[in-house]
Amino acid sequence: MQKMTTFEFQAKEGQSEALLSFFKKILPATRSFPGNKGVETSRLSENEFIIIAYWELEGHLGKYLDWREKSGDFSILLSFLVQAPKIITYDVLEGV
Numbered sequence: 036m037q038k039m040t041t042f043e044f045q046a047k048e049g050q051s052e053a054l055l056s057f058f059k060k061i062l063p064a065t066r067s068f069p070g071n072k073g074v075e076t077s078r079l080s081e082n083e084f085i086i087i088a089y090w091e092l093e094g095h096l097g098k099y100l101d102w103r104e105k106s107g108d109f110s111i112l113l114s115f116l117v118q119a120p121k122i123i124t125y126d127v128l129e130g131v
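Residues 36 to 131 (the numbering used here) are what the sequence shown spells out, left to right.
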C-alpha cells in the first residue's frame, strides 16, 4: 500500500534560510530515491516547515531514512532544528 509521510520541522532562530538551502540541496536525491513517488515542501511560519513525501511502500521509507542517517545528512539537519522532526506515516487511501 502506498504511504504518505509528513516531516514537521522547527528551525532554530536565525536558521530558517540555511534550512531551506539544505532542503534545496538534498531533496532532489529524495525525489530520485527508489520508491519515492513525490515530495512537497511548505512553510507554516518563519521557522516552521513541513515536507510531505509519498512512497510506494513503507519499506522504501525505512531504507531512505537509514541512508540519510548513514550519509550524515540527518546529523546536519538536526543542527538547524530546535528538536528532531516529527515524522508520521499514513496509508494512502486510493479512490476515496
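We treat Cβ as the ideally placed atom computed from N, Cα and C, and that holds for glycine. Just so you know, these numbers come straight off a predicted model, no measurement behind them.
Review point. Applying the criterion that 16 or more other CB atoms from any shown protein chain within 10 Å of the CB defines a buried residue, is S56 buried or exposed?
Key: S56 is classed as exposed because its beta carbon has fewer than 16 other beta carbons within 10 Å across all chains shown.
Exercise for review: Kindly indicate the opening and closing residues of the alpha helix (DSSP H) around E93.
Suggested key: E93 -> alpha helix (DSSP H) spans E93 to S106.
Practice item. To the nearest angstrom, report how far apart S106 and I61 are at their CA atoms. Key: So the two alpha carbons sit approximately 11 Å from each other.
Check your understanding: Are the beta-carbon atoms belonging to G70 and L100 less than 8 Å from one another?
Key -> Going by C-beta atoms, G70 is not nearer than 8 Å to L100.
**Study point:** Boundaries (first-last residue) of the alpha helix (DSSP H) holding E75
**Key:** Careful: E75 lies outside any alpha helix (DSSP H), inside the beta strand (DSSP E) at N71 to R78.
**Study point:** Start-to-end residues for the beta strand (DSSP E) that takes in A88
**Key:** Element bounds for A88: E83 to W90.
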